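Comments concern the structure below.
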Amino acid sequence: LALQGDAEGTVRILGKANSPNFEGDLRSKKIRVMEEVVNSPRIAFSYDGKSFTMKSFSANWRGLPIKGSGTVSGIGTEKASLNLSGTTDKVKASVFTGLLPALSGTEPAGEIETKWKLSGPAQKPSLALDINSPDLTLPGSVVLKNVAASASFSIPPQKDEIGLKVEARADSAAYGDFSMTELTGKFATGKDLLRVDDFSGKILSGNLNASGIINFAKEKGGTPLLDLEGKLTGVDLETFSKKDFPLSGQVSGSFKVAGPLDGPAVTFEAESFELSIGGYMLKSAAASGTVDKEGITVDAFSAAIGEGTLKGKGFVSLSGESPSANFSVTGTELDLAYLTREVKAARNAGVEGTVDVTLKGTLAEGALSGAGEVFAERFSVYGFTAEDLYAPVSLEGMLAKIERAEGSVFDGALAANVTLDLGTNVWKVDAEVSGFDIAKAVGEAFDIGGRVTGTGTLKATIEHGKSQAMPLTGQGRFTATEGEISGFKAVDALTAAYGGTGIRYNRADSHFSLGGNMLTLMPGSRITAPPGDPLYRYMMVDGPLGFSSNLDLHCSGNVNVQALNVLFGALEGLLGTETLDSQQMLQNFLGGFLGGMSRKDFRDVSFDIVGTWEKPSITKLKIAVPEKGPDPIPTSEEDKDREGNQQKINIEIPTGGGSGSGESVGDQIRQQILRQIFNGQN
């Protein structure tokens with residue numbers, strides 16, 4: 041054992057003179073055992089000439105207070121061996137810097153408990169340690185929870201060979217906001233280094249594996265140097281997800297860590313089969329770059345969006361009081377339907393099309409600056425399609441702006457300005473589409489079973505996100521000229537009697553407002569017939585058209601009352617229903633006499649359309665009656681009292697020959713009755 045030093049104590053000699061036994065206790069301020077300094081040893085022992093048994097002992101070795109018991113056998117022979125074991129009380133983790141010179145200057149913190157065993161040949165025994173700590177802080181502010189480690193090394197350790205071998209596990213590790221769980225590792229120490237043979241753990245629901253070397257060499261300036269590499273698999277981005285910025289998808293990749301412990305550089309490569317960022321979908325995503333104390337550099341980023349490709353690069357600075365960044369992005373044939381398939385508002389709007397994008401920008405002191413452009417051969421939303429769309433984009437502060445976007449919408453010219461607040465997600469659109477083909481717009485956006493033609497202009501301002509109670513607000517104006525409503529069954533059947541193919545209009549003009557799910561036609565909204573039209577002269581409509589609520593429209597105009605069925609038939613078609621609850625009312629009111637008549641009798645008419653889109657109804661139908669002229673037949677006083685509730689009808693029954701007009705007697709009688717009901721006189 042190469043014992044050196046002074047000791048004192050008491051010894052009892054027992055047994056025969058030629059083979060005595062010894063027992064007692066020894067103590068010393070300091071001794072040297074196998075070139076290792078042991079302070080304050082105290083031993084209760086026995087010795088039979090072959091084995092030295094330590095019934096109990098305590099000492100301080102390299103700052104570690106130890107106690108234990110055991111046997112040294114084969115003393116005086118080449119086969120001398122040790123079999124000692126013991127424990128330590130709770131001690132500060134910093135004492136291990138004395139036990140392991142490679143950790144000198146790193147100052148781990150926390151409390152540990154240790155079980156130990158010293159066994160093997162006396163000339164070179166092996167020390168095994170089982171270490172436990174509920175809370176251990178390593179250099180670099182790495183905090184470990186519930187650490188358990190087993191270690192072994194030879195005494196005395198050889199200068200040029202691996203000394204301490206460690207197998208360790210921990211429930212968790214945290215470094216700032218970064219955390220891992222289920223950590224396991226195999227480590228070994230050598231001259232001024234810690235070798236990581238196999239390290240693994242779970243991070244963001246994925247798995248991490250790493251290996252490499254941590255060099256503690258003093259000639260490197262006293263700062264440990266890292267040289268590690270590893271892989272990440274199955275990292276779940278949903279761990280980073282927030283309510284207002286959802287993330288999903290799994291990421292895998294590889295990394296290398298090199299440089300000083302207090303500021304290493306990390307190079308990485310990452311990929312994902314499919315991921316969602318804020319609801320926007322990317323597939324076959326890949327990125328590579330570096331992370332160091334200056335910031336994060338993305339050397340290359342690419343992803344597929346449908347059949348299109350998005351590429352980019354950038355840098356994010358981590359120095360200074362606020363982060364700064366620069367970036368550039370290009371995209372070709374990006375599939376908007378795929379990109380937005382997880383965005384509910386976009387799905388409801390039916391966003392489709394492919395776009396090309398270029399964008400360059402910077403971020404400094406919380407403000408964005410940059411410019412780019414977007415081009416789409418075809419882009420659809422809410423059933424409306426824009427073609428050859430070009431939109432210049434600029435970034436100012438936290439605003440993304442599109443100014444003077446241009447394109448074609450159903451053969452009309454589109455001009456639009458868009459503003460998006462990237463901090464609040466509030467956006468505003470000012471747009472105008474002039475001279476568009478109404479037939480194409482209605483045919484593509486709506487399934488109403490008929491046809492509406494004309495040339496239209498739509499100008500609107502729409503805002504989103506200012507109010508949670510009413511997220512969508514706006515106002516605008518729609519005008520249309522020289523068109524016709526046709527193709528609905530009632531319209532086709534009845535307009536034929538007037539020599540036309542539908543209900544024509546010279547001009548339609550409507551101001552409207554939008555609030556939440558409610559579109560309101562403002563008073564003054566009006567459609568005007570061409571001069572000499574046999575069906576109507578004008579109609580006015582105002583009131584709310586709730587997308588998910590009831591209808592409440594007030595309609596009025598000057599109409600040929602003998603063609604009301606035509607107008608109500610058109611309303612059926614435009615409302616997308618064939619259940620407009622007006623037929624029974626008209627039959628009761630008009631006695632079923634209107635169909636097929638060709639006379640013109642224009643009156644002021646008003647009515648309301650109420651109910652739902654699925655089952656609308658016409659109510660409060662009013663038809664103006666001309667002022668009554670003097671009655672040619674004298675009346676009595678009693679007759680005067682009944683004037684308010686009686687109507688006199690005279691019927692002329694045609695008799696005799698002649699070529700006639702082609703009308704049946706019944707048709708002529710029905711015309712006379714209807715005419716006198718409306719005129720209120722013979």
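Just so we're aligned: the sequence shown equals residues 41 to 722 in the working numbering. No residue lacks a Cβ here, since even glycine has one placed at the ideal position from N, Cα and C. Just so we're clear, the structure is a prediction, and the values are computed from it rather than from any experiment.
Practice task
Within 10 angstroms of the Cβ of Ile542, are there 16 or more other Cβ atoms? Answer buried if so, exposed if not.
Solution key: With the sequence shown as reference, residue 542 is identified as Gly, and Ile is not the correct amino acid for it. That one is buried.
Practice task
Please state whether DSSP places Arg387 in a helix, a strand or coil.
Solution key: helix
Exercise for the section: With DSSP as the reference, label Phe450 as helix, strand or coil. Expected result: coil
Exercise for the section: Would you mind working out which of Tyr378, Arg72, Val338 sits nearest Ser368, comparing C-alpha positions? Expected result: Val338
Practice task
Could you name the residues of the same chain whose beta carbon sits closer than 6 angstroms to that of Ser194, not counting the 5 residues immediately before and after it, in chain order?
Solution key: Lys164, Ser166
Problem - Lys231 versus Pro264, Asn247, Leu248, residue with shortest Cα-Cα distance - result: Pro264
Exercise for the section: Evaluate Phe218 with the Cβ neighbour count: other Cβ atoms within 10 Å of its Cβ, from every protein chain shown; 16 or more gives buried, anything less gives exposed. Expected result: exposed
Practice task
May I have the straight-line CA-CA distance separating Gly390 from Asp238, to the nearest angstrom?
Solution key: 51 angstroms
Exercise for the section: Just mark Asn600 as buried or exposed, buried being the case when its beta carbon has 16 or more other beta carbons within 10 Å. Expected result: buried
Problem - Same chain only: Cβ atoms within 7 angstroms of Gly126, ignoring 5 sequence neighbours per side - result: Around Gly126: Ile106, Lys107, Gly108, Ser109, Trp156.
Practice task
Pick helix, strand or coil for Thr279, following the three-state DSSP scheme.
Solution key: helix
Practice task
May I ask which residues mark the beginning and end of the beta strand (DSSP E) holding Ile3?
Solution key: Since the displayed the chain opens at 41 and closes at 722, residue 3 lies outside it and no answer follows.
Exercise for the section: Using only alpha-carbon positions, find the residue among Ala325, Asp276, Ile253 that is nearest to Leu301. Expected result: Ile253
Exercise for the section: Could you tell me how far apart the beta carbons of Leu498 and Glu472 are, in whole angstroms, since I believe they sit closer than 8 angstroms? Expected result: Rounded, the Cβ-Cβ distance is 7 angstroms, consistent with contact.
Exercise for the section: May I have a chain-ordered list of the beta strand (DSSP E) segments no shorter than 3 residues that lie completely inside the segment 54-108? Expected result: 59-67, 70-73, 76-87, 91-101
Exercise for the section: May I ask you to verify whether the segment 339-353 touches the segment 315-329, counting CB pairs closer than 8 angstroms and requiring at least 3? Expected result: yes
Practice task
Could you spell out the range, first to last residue, of the beta strand (DSSP E) harbouring Ile543?
Solution key: 543-555
Handout entry: Counted within 10 angstroms of its Cβ, other Cβ atoms place Ser664 as buried (16 or more) or exposed
Key = The identity of residue 664 in the sequence shown is Ala, whereas the question assumes Ser. Exposed, by the Cβ-count rule.
Exercise for the section: Use the C-beta contact count for Phe313: other C-beta atoms within 10 angstroms, 16 or more gives buried, fewer gives exposed. Expected result: Exposed, since its Cβ has fewer than 16 Cβ neighbours within 10 Å.
Practice task
Tell me, please, which residues DSSP counts as bridged to Phe486.
Solution key: Paired residue(s): none; Phe486 is not in a bridge.
Handout entry: Cβ shell of Ala751 (< 6 angstroms), same chain only, five flanking positions each side left out
Key = Beyond the ends of the chain as shown, which are 41 and 722, falls residue 751; an answer cannot be given.
Exercise for the section: Determine the closest residue to Ser86 out of Glu75, Ser113, Ala214, Thr652, with distance taken between C-alpha atoms. Expected result: Ser113
Exercise for the section: Check the DSSP bridge columns for Phe642 and list the partner residues they point to. Expected result: Asn600, per the DSSP bridge assignment.
Handout entry: Rounded C-alpha distance that separates Asp671 from Asp641
Key = The pLDDT assigned to Asp671 is 45, lower than 50, so where the model puts this residue is not dependable, and the model offers no usable value.
Problem - Endpoints, the beta strand (DSSP E) within which Ala365 is located - result: 364-375
Practice task
With Arg566 as the anchor, note down where its beta strand (DSSP E) starts and where it stops.
Solution key: That run of the beta strand (DSSP E) goes 566-568.
Problem - Beta-carbon contacts of Leu454 that lie in its chain and below 8 angstroms, excluding the five residues immediately before and after - result: So the list reads Ala426, Leu429, Ala445, Glu446, Gly447, Ser448, Ala471, Glu472, Val473, once near-sequence residues are dropped.
Handout entry: Thr128 to Lys333 span [Cα, whole Å]
Key = 40 angstroms
Problem - Residue of Phe256, Leu184, Leu233 minimising C-alpha distance to Thr224 - result: Leu184
Problem - Local conformation of Ile115 per DSSP, three classes - result: In the structure shown, Ile115 sits in coil (DSSP, three-state: anything other than H, G, I, E or B).
Problem - Three-state secondary structure (DSSP) of Ser134 - result: Correct three-state label for Ser134: helix.
Exercise for the section: Report the rounded CA-to-CA distance for Ala603 versus Phe476, giving the unit in angstroms. Expected result: 30 angstroms
Exercise for the section: Please report how far the alpha carbon of Thr560 lies from the alpha carbon of Phe552, in whole angstroms. Expected result: 5 angstroms
Exercise for the section: Please name the residue, chosen from Leu350, Pro363, Ala385, that lies closest to Leu374 on a Cα-to-Cα basis. Expected result: Leu350
Handout entry: Element boundaries [beta strand (DSSP E), containing Trp156]
Key = 149-161
Practice task
Please list, in chain order, all residues of the same chain as Gly45 whose beta carbon is under 7 angstroms from its beta carbon, the five residues on each side excluded.
Solution key: Excluding its 5 nearest sequence neighbours in each direction, Gly45 has C-beta neighbours in its own chain below 7 angstroms: Ser68, Lys70, Ile71, Arg72, listed in chain order.
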